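Numbering (the working numbering), first residue to last: 2 to 186.
Quick notes on the structure that follows.
What follows is the structure, encoded as structure tokens:
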């Protein structure tokens, strides 16, 4: 089967919400191959603790690629303890310039409870406006829903869960089986 005839892997909606001194990262559990759900309970949000420094990361894209990036991020965090921004920029630089890493197809949302970033293979380290970041196939749906709730009395976790519920009702590549991690500084 030619590469252009192979149905693409789809999946993942990840959202990060910063509100009230807390940051919550939530991700759905669906992985799809073409029109088929391959797995409904994948865990795409992880807590990293390099050197006792807690970071929560969520990933969208190829799982193997994302795990490679998470390992690289942990190494950068160990080299620059407590400096998420610096570690993220160093990872993005490597990702953009290393011939092996350039082929990786994934995106990350990372937070230490204070800062919240989206890291891309284009060399971007983006701090989101309005304290909400979202990536993946249903990311724009979750982002719009969360932004609409940020002025409400909901806390960060409720905003993230409600936004993911809305995204799962709209995006066929997103389900309601969530992994949620919370962190504060």
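Virtual Cβ for every residue (Gly too), placed ideally from N, Cα, C.
Just so we're clear, the structure is a prediction, and the values are computed from it rather than from any experiment.
If you check the CB distance, residue 59 and residue 120 do not come in under 8 Å.
The stretch 25-43 makes no contact with the stretch 74-90: fewer than 3 CB pairs, one atom from each, lie closer than 8 Å. Note on residue 112: 16 or more other CB atoms within 10 angstroms of its CB, so buried under the neighbour-count rule. Nearest to residue 130 by C-alpha distance, out of 37, 48 and 20, is 20. DSSP links residue 136 through a beta bridge to 15. Looking at the backbone, the Cα of residue 51 and that of residue 70 are separated by about 14 Å.
Taking a contact to require three or more Cβ pairs closer than 8 Å, the stretch 161-175 and the stretch 86-106 do not qualify as touching. For the stretch 13-96, the full-length beta strand (DSSP E) segments reaching 3 residues or more read 14-20, 23-28, 32-34, 37-40, 46-49 and 56-62 along the chain. For residue 181, DSSP records a beta bridge to 27.
Residues of the same chain with a CB within less than 6 Å of the CB of residue 97, apart from the 5 flanking positions on each side, are 124 in chain order. A residue is called buried when at least 16 other Cβ atoms come within 10 angstroms of its Cβ; residue 140 meets this threshold and is buried.
Scanning its chain for C-beta atoms nearer than 7 Å, with the 5 sequence neighbours on each side dropped, one finds around residue 106 the residues 62, 63 and 66, in chain order.
DSSP, reduced to helix, strand and coil, places residue 161 within a helical segment of the structure shown. A distance of 8 Å or more separates the beta carbons of residue 25 and residue 128.
For residue 101, no beta strand (DSSP E) encloses it, and the DSSP letter there is neither H nor E. In terms of Cβ geometry, residue 14 and residue 108 do not form a close pair [threshold 8 Å]. Listed in chain order, the non-local C-beta contacts of residue 186 below 6 Å within the same chain comprise 114 and 115, local neighbours out to five positions each way being set aside. Taking C-alpha positions only, residue 84 is separated from residue 170 by approximately 37 Å. For residue 153, the number of other beta carbons within 10 angstroms of its own is below 16, and it is reported as exposed.
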